[in-house]
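As structure tokens, the structure follows; a few thoughts come after it.
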Amino acid sequence: MSIIDVKNITYDYHKKDDQGNETESVRALDDVSLEVKEGEFIAVLGHNGSGKSTFAKHLNALLVPTGGTVYICGMDTSDTSNTLEVRKTAGMVFQNPDNQMVASVVDEEVGFGPENMGVPTDEILKRVDDALNSVGMYAYKDSSPTRLSGGQKQRIAIAGILAMKPKCIVADEPTAMLDPKGRADVLKVLHMLNKEQNVTIILITHNMEEVIDADRIFVMEGGKVVMNGSPREIFSHVKELQRLRLDVPEVTKLAFELKQKGLPLRDGILTREEFVNELRLLAKGRV
Amino acid sequence: MELRTEKLTYEYDPGTSYAKKAIEDVDLVIRENEFIGLIGHTGSGKSTLIQHLNGLLKATSGRVLWNGKDIFGDGFDRKEFRGHVGLVFQYPEYQLFETDVLKDVCFGPKNLGLSEAEATARAKEALSLAGIDEKLYKASPFELSGGQKRRVAIAGVLAMKPDILILDEPTAGLDPKGRDEILDSISLIRSETKKTVILVSHSMDDVAQYVNRVIVINKGHIEFDGEPREIFSHIEELEEMGLSAPAISYILRDLKEAGFPIEGNALTVEEARDMILGIFRRGHV
Chain A
1 MSIIDVKNIT YDYHKKDDQG NETESVRALD DVSLEVKEGE FIAVLGHNGS
51 GKSTFAKHLN ALLVPTGGTV YICGMDTSDT SNTLEVRKTA GMVFQNPDNQ
101 MVASVVDEEV GFGPENMGVP TDEILKRVDD ALNSVGMYAY KDSSPTRLSG
151 GQKQRIAIAG ILAMKPKCIV ADEPTAMLDP KGRADVLKVL HMLNKEQNVT
201 IILITHNMEE VIDADRIFVM EGGKVVMNGS PREIFSHVKE LQRLRLDVPE
251 VTKLAFELKQ KGLPLRDGIL TREEFVNELR LLAKGRV
Chain B
288 MELRTEKLTY EYDPGTSYAK KAIEDVDLVI RENEFIGLIG HTGSGKSTLI
338 QHLNGLLKAT SGRVLWNGKD IFGDGFDRKE FRGHVGLVFQ YPEYQLFETD
388 VLKDVCFGPK NLGLSEAEAT ARAKEALSLA GIDEKLYKAS PFELSGGQKR
438 RVAIAGVLAM KPDILILDEP TAGLDPKGRD EILDSISLIR SETKKTVILV
488 SHSMDDVAQY VNRVIVINKG HIEFDGEPRE IFSHIEELEE MGLSAPAISY
538 ILRDLKEAGF PIEGNALTVE EARDMILGIF RRGHV
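Top to bottom, those sequences are chains A and B.
Residue numbers for the first sequence, in this note's numbering: 1 to 287.
Residue numbers for the second sequence, in this note's numbering: 288 to 572.
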């Protein structure tokens, strides 16, 4: 069974005038269908307004579709008796860490979720410790979240989700406000959770360098999924991505530019290592 | 025009056990028409520093001098001075509040005491510099796209006609195209109006591509101040400070380590492309 099974969903936002009459409706999702298997690392790309965040909010029942169905581990998200279980299964991390902190001490922050779920106290304490260890923040257990950096706060937000033992984490631009170190740390944690604890990850981002290690990339445009494939497949379409207001990693762009100028490099180079190896081969051929 | 800081030091919660120096002994000189990138990890003191540059914070010790005059000196007109140094905060679109775009941009100049007609003229000029089409003047700011809202907010500061425009993370949360569009307009504003622009950013790639001077702040001190190409060749030192170098600098370093005869540093894809083509064409490998 797929952990996420989205069948033909549409979602309409309704605009209302000051009398509360509907004036206009905007289709934010338009017949989206996709499946994600447990343990996959998925990246979602798309320009501002393409429907990424609306899609993400459907994965833990913050929004339910206007038409079509979202199943999370087989549970229909529009059935309100499933809401709590859906939210335990798929946890969300948002862009701004400051908007997600509720407690004054880190361990209370992380324990907030399981406490709300009615988990027994001993078990909460254990989960909090485990979650903080997982994200490398155990040393800050007794600190105040306000004294942490953005990257540290995001790792605390992730720990807060982990303490609810989710099968899936949906992270909506979790690195957008972070410095390079914070960015790298958050990504490392998401990949580690994916590899070691088999947590399914859905990462929404505008940073092309962050998605090259994903198993699959969905590209959204106009509320539809317009591309779906491995990073190598997706990033071999440089021109198409630029038309969608997106980009490719710098190393891919450099390889593409060199190829345009006549160096016989292969398409879809994603890492510096591959790039250096390709150039090495090319240089050898010349000697 | 010259904005100078002398031994600028700011301490949070002085005299308590939480006392912490956010910046210490910062000496800087900012001149006309510079394009400066200010980088540093979260908590490095960047925000504290920029808030001193237009007098929002008063230093614990040291001074800020505007054309040689202490901005906290007797008789200095700080209100007028704030018109010279415009600060665009992070996510400035959250500060839009008026019923239409033009009114929102007029708010600043009107506050400076300008007449309705003068304020409108300035607002229109600023909106055009920021790349907002006349058709949108009567639109509600809340109907615009994220990128457009941000431009309107930038226009709001431009309409004050600052000599120095400081932008704190102007591209955070924008898609790649939106990011390029904003940075291109900022670059255009600078070249057309001779303003100095200070870009605070966590994106080393953006900084490398646009600015001609980089200031690196770490633990409240200026660690580097100079030409981007030179500064971004210090990859290890930058990483120790929680920063990084542009992707292109890493690629060239790897090529060099693999034995390719790379000399110097490149900051953009085009520069690196030409460098690599040069090596192949000259038959150096």
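Where is the CB? At the ideal position from N, CA and C, for every residue including glycine.
{"Query": "One or two residues paired with A:Met75 in a DSSP bridge", "Result": "A:Ile72"}
{"Query": "Minimum C-alpha distance to B:Glu468 - residue among B:Ile441, B:Val439, B:Gly434 and B:Leu452", "Result": "B:Gly434"}
{"Query": "Contact set between the stretch 228 to 246 of chain A and chain B, restricted to residues whose Cβ is under 7 angstroms from the partner", "Result": "Arg245 and Leu246"}
{"Query": "DSSP state of A:Tyr13 mapped onto helix, strand, coil", "Result": "strand"}
{"Query": "Beta carbon proximity, B:Lys506 to chain A, threshold 8 angstroms", "Result": "no"}
{"Query": "Listed by chain order, chain B residues near A:Asn99 by CB distance under 9 angstroms", "Result": "Within 9 angstroms Cβ-Cβ: nothing; A:Asn99 doesn't reach chain B, min ~11 angstroms."}
{"Query": "Local Cβ density within 10 Å of A:Phe235, reported as buried at 16 or more and exposed below that", "Result": "buried"}
{"Query": "Sequence-distant residues of its chain with Cβ nearer than 7 angstroms to A:Asp185 (five each side left out)", "Result": "Gly151 and Arg155"}
{"Query": "Secondary structure of B:Arg466, DSSP reduced to three states", "Result": "helix"}
{"Query": "Proximal residues, the stretch 548 to 560 of chain B versus chain A, C-beta separation under 8 angstroms", "Result": "Val556, Glu557, Ala559 and Arg560"}
{"Query": "Straight-line gap, B:Leu454 to B:Val487 (C-alpha atoms, nearest Å)", "Result": "6 angstroms"}
{"Query": "Limits of the unbroken beta strand (DSSP E) element including B:Phe368", "Result": "Premise fails: B:Phe368 lies in the alpha helix (DSSP H), Arg365 to His371, not in any beta strand (DSSP E)."}
{"Query": "Backbone secondary structure at A:Val106 - three-state DSSP", "Result": "helix"}
{"Query": "Straight-line Cα distance separating A:Gln19 from A:Glu274", "Result": "60 angstroms"}
{"Query": "is_contact[A:Val26, chain B] using C-beta, thresh 8 angstroms", "Result": "no"}
{"Query": "Residues of its chain near B:Phe519, where Cβ-Cβ distance is below 8 angstroms and the 5 sequence neighbours each way are ignored", "Result": "Met491, Ala495, Val501, Leu525, Ala532, Pro533, Ser536, Asn552 and Leu554"}
{"Query": "Nearest-angstrom Cα separation, counted from B:Gly513 out to A:Val287", "Result": "Confidence at A:Val287 is low in this model, with a pLDDT of 46, below 50, so the placement of that residue is unreliable and no value is reported for it."}
{"Query": "Close Cβ partners of B:Asp387 (< 8 angstroms) along its chain, the five nearest in sequence each way excluded", "Result": "Tyr424, Lys425, Ala426, Ser427 and Pro428"}
{"Query": "Chain A contact residues for B:Ser432, given Cβ-Cβ distances below 8 angstroms", "Result": "Asn48 and Gly49"}
{"Query": "Closer than 7 angstroms at the beta carbon, the chain B residues around A:Phe288", "Result": "As displayed, chain A neither begins before 1 nor continues past 287, which places residue 288 of chain A out of reach and without an answer."}
{"Query": "Through-space distance from B:Ile522 to A:Ala157, alpha-carbon basis", "Result": "30 angstroms"}
{"Query": "Close-in-space but distant-in-sequence residues of the same chain around B:Asn505 (CB under 7 angstroms, 5 per side omitted)", "Result": "Gly327, Ser331 and Met528"}
{"Query": "Residues that A:Phe275 contacts on chain B, provided the C-beta gap is smaller than 7 angstroms", "Result": "Ile538"}
{"Query": "Distance between A:Thr252 and A:Leu282 (C-alpha atoms, nearest Å)", "Result": "17 angstroms"}
{"Query": "Cutoff 8 angstroms: A:His191 Cβ touching any chain B Cβ", "Result": "no"}
{"Query": "C-beta neighbour in chain B for A:Ser144, strict 8 angstroms", "Result": "no"}
{"Query": "Every unbroken beta strand (DSSP E) within the stretch 133 to 170 of chain A, with a cutoff of 3 residues, ordered by chain", "Result": "none"}
{"Query": "Those runs of the alpha helix (DSSP H) which lie wholly inside the stretch 334 to 409 of chain B and span at least 4 residues", "Result": "365 to 371 and 388 to 398"}
{"Query": "Distance, A:Arg272 Cα to A:Lys37 Cα", "Result": "29 angstroms"}
{"Query": "Cut-off 6 angstroms between Cβ atoms - residues of its own chain near A:Leu148, not counting five sequence neighbours on either side", "Result": "none"}
{"Query": "Cβ neighbours of B:Lys481 in the same chain (closer than 8 angstroms, five flanking residues each side left out)", "Result": "Glu319 and Asn320"}
{"Query": "Chain A contacts made by the stretch 447 to 477 of chain B, where a contact means CB separation under 8 angstroms", "Result": "Glu456, Ala459, Gly460, Leu461, Asp462, Pro463, Lys464, Gly465 and Arg466"}
{"Query": "Residues that B:Ala553 bridges to, as DSSP identifies them", "Result": "According to DSSP, which records beta bridges pairwise, B:Ala553 is partnered with nothing at all."}
{"Query": "For A:Ser25: DSSP bridge partner residues", "Result": "A:His14"}
{"Query": "Short Cβ contact (8 angstroms threshold) for B:Arg291 with B:Val316", "Result": "yes"}
{"Query": "Neighbour list for B:Ile419 in chain A, Cβ cutoff strictly below 9 angstroms", "Result": "Chain A residues near B:Ile419: none, gap ~16 angstroms exceeds 9 angstroms."}
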